[in-house]
Each structure stands twice: as C-alpha cells, then as structure tokens.
Amino acid sequence: MCQSCGKPGSEIDHISGSSDEPTNLQLLCNECHRAKTMKNMIPAPDEEKALIAALFIERIVPDVPVLLADDEAEWQRAWSALKKERRQRLRDEIESMGINLAGLKTRAEWIVKRDAVLSERAQGQPAPSESLSASDGFNWDIGKDTFLEHLLNRSTR
Numbered sequence: 001m002c003q004s005c006g007k008p009g010s011e012i013d014h015i016s017g018s019s020d021e022p023t024n025l026q027l028l029c030n031e032c033h034r035a036k037t038m039k040n041m042i043p044a045p046d047e048e049k050a051l052i053a054a055l056f057i058e059r060i061v062p063d064v065p066v067l068l069a070d071d072e073a074e075w076q077r078a079w080s081a082l083k084k085e086r087r088q089r090l091r092d093e094i095e096s097m098g099i100n101l102a103g104l105k106t107r108a109e110w111i112v113k114r115d116a117v118l119s120e121r122a123q124g125q126p127a128p129s130e131s132l133s134a135s136d137g138f139n140w141d142i143g144k145d146t147f148l149e150h151l152l153n154r155s156t157r
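Using the working numbering, you'd call the opening residue of the sequence shown number 1 and step up by one each time.
Right under this line is the structure:
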C-alpha cells in the first residue's frame, strides 16, 4: 500500500537522500511518487534553458556528428588510441624527470612514485630509487627554502 495515500503501491521511494537502508525506503503509488519528485524539482533558469536548447540544436539534432565523441562508431576506435597516447605522454613526462618506472604497471603506481620522488626532492633528498647523477646538473645540497626557486630558474633556461 502507498505510504502516502493508501492506494496500491508500485514504486520504491527513498524517504530521504539516497541510502538503500530498509528504514529509508517506502512504497508509493506512481502518482504520489511523481508528486514527491516534482515537489523537489527546481525549474532551470532562462540561461540554462537557452544552453540546453542550443546544445540540443547543435549536438543532438544534426545528422553528421559535430564532435568526435558524437560519432558512436568512430569514437570507440579513437578513444582507445587517445587513452594509449595519454598514457604514453604521462610515462614520458615522468621519465623526463629522471624517475625510473621499471616494474610499475599502472598509471596510479606511476603517479604515486612521482609524488613520492617529488616530495623527497622538495625536502632536499633524492629518492633512493632515482637514477640521477651529478651530471644531471642538479645540486641536491640546495636548502629547502631555495629548492622551488631553483626549479623555476632551471625550467626557464
């Protein structure tokens, strides 16, 4: 039975928020569920309505895809290539910092390693796993206060 009007219930409603705990669920009929949902809806301002209309006209209505992501067939192929290229750019960027990524497989592992090395560098200490030498042009004896300034100067050369 609908917890609001007593008619036969047909829809499960979250009483408050999105918790799926049984104490937060109630049975409502279609009409009461719709009324509760509509009561919580806020009409879009005119600017948002105009934006939605423009997006509909420019992106959904055209028969020819406007953006690569709008072309379902081409997007599947392109997305895979884009992901691979992005992964390689990240790897190249981290390795260009002199960080050895051997044995690390995921981007998350690379980023954790990069952050650990950068943190150790910020404290004036090279990470033990780094393969840097005196020939890299970096003076590891620089004090903590001048470290960032040195990096900025080095990057503008």
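Glycine included, each C-beta is placed from N, C-alpha and C at the ideal position.
- Its chain contains 29 as the residues whose beta carbon lies nearer than 6 Å to that of residue 7, once the 5 sequence neighbours on both sides are disregarded; these appear in chain order.
- Cβ-Cβ distances below 6 Å link residue 81 to nothing in the same chain once the five nearest sequence neighbours on each side are left out.
- With respect to residue 111, residue 101 sits apart: the two C-beta atoms are not nearer than 8 Å.
- The residue from 21, 108, 99 with its alpha-carbon nearest to that of residue 121 is 99.
- Judged by DSSP secondary structure, residue 58 falls outside any alpha helix (DSSP H); it is assigned neither H nor E.
- Going by beta carbons, residue 86 and residue 70 fall outside the 8 Å limit.
- In the structure shown, the three-state DSSP call for residue 70 is helix.
- Nearest C-alpha to residue 40 among 72, 15, 115: 15.
- In this structure, the CA atom of residue 83 is about 14 Å from the CA atom of residue 92.
- Within the same chain, and ignoring the five residues on either side of residue 109 in sequence, no residue has its Cβ closer than 7 Å to its Cβ.
- Distance from the Cα of residue 89 is smallest, within the candidate group 107, 9, 43, for 107.
- Within the same chain, 94, 97, 99 come within 8 Å of residue 114 by CB-CB distance, once the 5 residues on both sides are set aside.
- Looking at the backbone, the Cα of residue 32 and that of residue 24 are separated by about 17 Å.
- When secondary structure is reduced to three states using DSSP, residue 13 falls in the strand class.
- In the DSSP annotation of this structure, the continuous segment of the alpha helix (DSSP H) that includes residue 118 starts and ends at 107 to 122.
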